[in-house]
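Read the structure below first, then the notes.
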Amino acid sequence: GESVGLHLPTLSVQEGDNSIINCAYSNSASDYFIWYKQESGKGPQFIIDIRSNMDKRQGQRVTVLLNKTVKHLSLQIAATQPGDSAVYFCAENQRSNDYKLSFGAGTTVTVRA
Amino acid sequence: DGGITQSPKYLFRKEGQNVTLSCEQNLNHDAMYWYRQDPGQGLRLIYYSQIVNDFQKGDIAEGYSVSREKKESFPLTVTSAQKNPTAFYLCASSPRGTEANQPQHFGDGTRLSIL
């Protein structure tokens, strides 16, 4: 079936290092992708999005890469800070699927001081 | 501040009881959504509404009901037919997608537990 998934459930990173969080998707019809950050006890917070006509998009300290050939999405966080510790979700959306989001299971990022 | 307000933050339900979770947004968004999140899992769509007085079932609608009488409000009722209601419930909203997709914005959730 169609699914969005993450390669690793946990990621431990040293403060100041760069983080890379990966996501694989299986639906080639997906045309919009979002990364969310969720802190404990809170709702997901939008980080960055990318449309399928792009392969890279940059924000503040974050970069999202999209490889449609292998159906892979990644989130890079530069100079990881303690406040970056959270669960990160990728989500995909299809205009043909009534704009419903499909979420992966999430990657827990822990920043070591 | 514009945003999505969910209440209450914590809710307890007795066996056989219906409970209603509130979701209000002042973002002037057309579309609203309800998700369920279980520990260590992603979000699963319960119901969504793209416009007032209209809503559709998501992937796990059984045991739940919704209404959309006002643009800013999308309450979710967890009925006694939902046998495993303990979860974290998240409400989201977005501008209605037309030419291009838009991200969904989330509230801070309601945690429902069974007594």
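Protein chains in written order, with our numbering: chain A, 315 to 427; chain B, 32 to 146.
Glycine included, C-beta positions come from ideal geometry on N, C-alpha and C.
Since we're looking at a predicted model, the values are computed, not measured.
Less than 8 Å between CB atoms is the rule here; does leucine 146 (chain B) satisfy it with respect to chain A? The C-beta of leucine 146 (chain B) comes no closer than 8 Å to any C-beta of chain A.
Coarse secondary structure for aspartate 331 (chain A), derived from DSSP in three states: Aspartate 331 (chain A) falls in the coil class under three-state DSSP.
Range covered by the beta strand (DSSP E) that runs through arginine 127 (chain B): Counting along the chain, arginine 127 (chain B) falls outside any beta strand (DSSP E), and DSSP gives it neither H nor E.
So, does the CB of isoleucine 348 (chain A) fall closer than 8 Å to a CB anywhere in chain B? Isoleucine 348 (chain A) counts as touching chain B.
Suppose you measure from the CA of glutamine 390 (chain A) to the CA of tryptophan 349 (chain A); what does that come to, to the nearest Å? Distance between the alpha carbons of glutamine 390 (chain A) and tryptophan 349 (chain A) is about 11 Å.
Taking only beta carbons into account, state which residues of the region 350-363 of chain A come closer than 7 Å to chain B, listed in chain order. Answer in chain order: Lys356, Gly357, Pro358, Phe360, Asp363.
Whole-angstrom C-beta distance between glutamine 352 (chain A) and phenylalanine 403 (chain A), which should lie under 8 Å: 7 Å between Cβ atoms; contact.
Provide the residue span of the beta strand (DSSP E) that contains leucine 74 (chain B), from first to last. That run of the beta strand (DSSP E) goes 74-82.
Partner residues on chain A for aspartate 61 (chain B), Cβ-Cβ distance less than 9 Å: Under the 9 Å cutoff, chain A gives no residues; its nearest Cβ is about 11 Å from aspartate 61 (chain B).
Chain B contact for glycine 397 (chain A) (CB, 8 Å cutoff): False, the Cβ-Cβ gap to chain B never drops below 8 Å.
Under 8 Å, Cβ to Cβ, is there at least one residue of chain A near glutamine 56 (chain B)? Closer than 8 Å: no.
Taking isoleucine 335 (chain A) as the reference, which of A:Val425, A:Ala427, A:Arg426, A:Thr421 has the closest Cα? That would be A:Thr421, whose Cα lies nearest to the Cα of isoleucine 335 (chain A).
Can you give me the C-alpha to C-alpha distance between glycine 397 (chain A) and asparagine 59 (chain B), rounded to a whole angstrom? If you draw a straight line from the Cα of glycine 397 (chain A) to the Cα of asparagine 59 (chain B), it is about 30 Å long.
DSSP three-state assignment for aspartate 90 (chain B), whether helix, strand or coil: Correct three-state label for aspartate 90 (chain B): coil.
Can you tell me which of A:Ser344, A:Leu415, A:Val376 puts its alpha carbon nearest to the alpha carbon of arginine 365 (chain A)? Taking only the C-alpha atoms, the option nearest arginine 365 (chain A) is A:Ser344.
Per-residue contacts from proline 134 (chain B) into chain A (C-beta, under 7 Å): The contacting residues are Ile348, Phe360, Asp363.
Check whether the Cβ of glycine 418 (chain A) lies closer than 8 Å to any Cβ atom in chain B. True, the Cβ-Cβ gap to chain B drops below 8 Å.
Spatial neighbours of leucine 387 (chain A) in its chain, beta-carbon cut-off 6 Å, leaving aside the 5 residues before and after: So the list reads Cys337, Phe347, Leu380, Cys404, once near-sequence residues are dropped.
What does a CB cutoff of less than 6 Å around proline 126 (chain B) pick up in its chain, not counting 5 residues either side in sequence? Result list for proline 126 (chain B): His60, Gln133, in chain order.
Against tyrosine 120 (chain B), what residues of chain A qualify as contacts under a CB-to-CB distance less than 7 Å, listed in chain order? Ordered by position in chain A, no residue passes the 7 Å Cβ test against tyrosine 120 (chain B), which lies about 10 Å from the chain.
CA nearest to the CA of serine 342 (chain A), picked from A:Lys370, A:Val384, A:Leu325: Here the closest residue by C-alpha is A:Val384.
Select from the region 73-94 of chain B all residues with a C-beta closer than 9 Å to any C-beta belonging to chain A, and list them in chain order. Here the close residues are Gly73, Leu74, Arg75, Leu76, Tyr79, Gln81, Gln87, Gly89, Asp90.
CB-CB length for glycine 138 (chain B) against glycine 355 (chain A), believed under 8 Å: Rounded, the Cβ-Cβ distance is 12 Å, inconsistent with contact.
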